[in-house]
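Written out below as structure tokens is the structure these notes cover.
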Amino acid sequence: MIINITAPNADLQYFPAFIPMARSRLLYDELAQQLDWSQDSIVLYGKPVLIPRLQAWYGDDGLDYTYSGLTLAAKSWLPVLIQLKQMVEAKTGEQFNAVLANLYRDGNDTVGWHSDDEPELGENPVIASLSFGGERNFNLKHKISGEKLTVPLKSGSLLTMAGQTQRFWQHCLPRTKKAKLPRINLTFRQIKS
Ligand SMILES: O=C(O)CCC(=O)C(=O)O
Ligand SMILES: [Fe+2]
Numbered sequence: 001m002i003i004n005i006t007a008p009n010a011d012l013q014y015f016p017a018f019i020p021m022a023r024s025r026l027l028y029d030e031l032a033q034q035l036d037w038s039q040d041s042i043v044l045y046g047k048p049v050l051i052p053r054l055q056a057w058y059g060d061d062g063l064d065y066t067y068s069g070l071t072l073a074a075k076s077w078l079p080v081l082i083q084l085k086q087m088v089e090a091k092t093g094e095q096f097n098a099v100l101a102n103l104y105r106d107g108n109d110t111v112g113w114h115s116d117d118e119p120e121l122g123e124n125p126v127i128a129s130l131s132f133g134g135e136r137n138f139n140l141k142h143k144i145s146g147e148k149l150t151v152p153l154k155s156g157s158l159l160t161m162a163g164q165t166q167r168f169w170q171h172c173l174p175r176t177k178k179a180k181l182p183r184i185n186l187t188f189r190q191i192k193s
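FYI, UniProt numbering numbers position 28 of the sequence shown as 28, with every residue one higher than the one before it.
Given below as structure tokens:
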């Protein structure tokens with residue numbers, strides 16, 4: 001099933017059962033064990049502050065990722081990530097050369113409001129987001145009108161954000177008391193050189 005989420009200045013497609021449930025469970029465990037997770041710090045007002053989640057950045061050789069003064073060098077692709085990248089590429093018809101992995105240990109781990117609009121992603125980036133483990137709400141907010149959307153991201157789901165979505169919308173994963181289970185999210189990206 002594919003759900004077209006209709007919203008102004010956005011191009012969002014949601015595949016709630018992109019990966020079957022049993023396979024998603026196995027993939028959660030593989031990703032949790034095999035990825036080189038770390039809790040990075042960003043610099044806020046001159047002081048290092050731990051980000052409220054674990055991260056790992058994988059991609060083609062030499063691809064860096066920079067945000068809030070933090071630069072991560074891409075680690076080399078793992079077989080499980082290549083397999084998922086190929087599935088996502090087959091579904092979307094897009095090519096990706098990097099993936100940002102986030103591990104939210106519980107409902108206290110979050111990502112704040114942002115757009116994936118770093119210059120190295122180019123003009124209208126296609127971002128493909130895979131989720132595993134505990135379900136979490138994904139919120140979107142229009143930068144001009146303030147319109148809000150919530151998509152509960154299921155384990156095994158694929159959400160694509162394309163077109164002008166990053167230019168006109170921000171997104172976040174809010175803190176919640178409901179989420180007890182950890183969640184892993186992979187966002188596949190194409191970094192332009
Ligand atoms: O965990 C998510 O669903 C979103 C992660 C995200 O927005 C990002 O890594 O840029
Ligand atoms: Fe994002």
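Backbone N, C-alpha and C fix where the C-beta goes; we use that ideal spot for every residue, glycine too.
State the Cα-Cα distance for the pair D117 and Q190, rounded to the nearest angstrom. What you label residue 117 is simply residue 117 of the sequence shown in a count that begins at 1. What you label residue 190 is simply residue 190 of the sequence shown in a count that begins at 1. One C-alpha to the other measures close to 12 Å.
Of the choices A128, G59, K141, whose alpha-carbon is the least far from that of E89? Walking along the sequence shown from the start, residue 89 turns up at place 89. Selected option, being the one with the closest Cα: A128.
Measuring CA to CA, which of K75, S24, N137 is closest to N97? Start at 1 with the first residue of the sequence shown, and residue 97 comes out as number 97. Comparing Cα-Cα distances from N97 to each of K75, S24, N137, the minimum goes to K75.
Run the proximity test for H142: is its beta-carbon closer than 7 Å to any non-hydrogen atom belonging to ligand 2? By 1-based counting over the sequence shown, the position of residue 142 is 142. Outside the cutoff, so no.
Can you tell which of Q166, G112, G134 has its C-alpha closest to the C-alpha of M21? As a first step, residue 21 is located in the sequence shown; it is residue number 21 there, counting from the start. M21 has its Cα closest to that of G134, out of Q166, G112, G134.
Apply the 10 Å Cβ neighbour rule to Q95 and answer buried if 16 or more other Cβ atoms are within range, or exposed otherwise. Locating residue 95 in the sequence shown gives position 95, counting from the first residue. Per the 10 Å Cβ criterion, exposed.
Going by alpha carbons, who is nearest to L63 out of K85, L81, E30, L121? Counting from one through the sequence shown, the residue named residue 63 turns up at place 63. L63 has its Cα closest to that of L121, out of K85, L81, E30, L121.
Take S38 as the anchor and find which of N102, A17, L158 has the nearest alpha-carbon. The residue labelled residue 38 in the question sits at position 38 within the sequence shown. Closest by alpha carbon: N102.
Am I right that G156 and S24 are in contact with their C-beta atoms under 8 Å? What's the rounded C-beta distance? Taking the first residue of the sequence shown as 1, we reach residue 156 at position 156. Taking the first residue of the sequence shown as 1, we reach residue 24 at position 24. Right, their Cβ atoms sit about 4 Å apart.
When V80, L100, K47, T165 are compared against residue 194, the one with the closest alpha-carbon: This structure cannot speak to residue 194, because the chain is shown only from 1 to 193.
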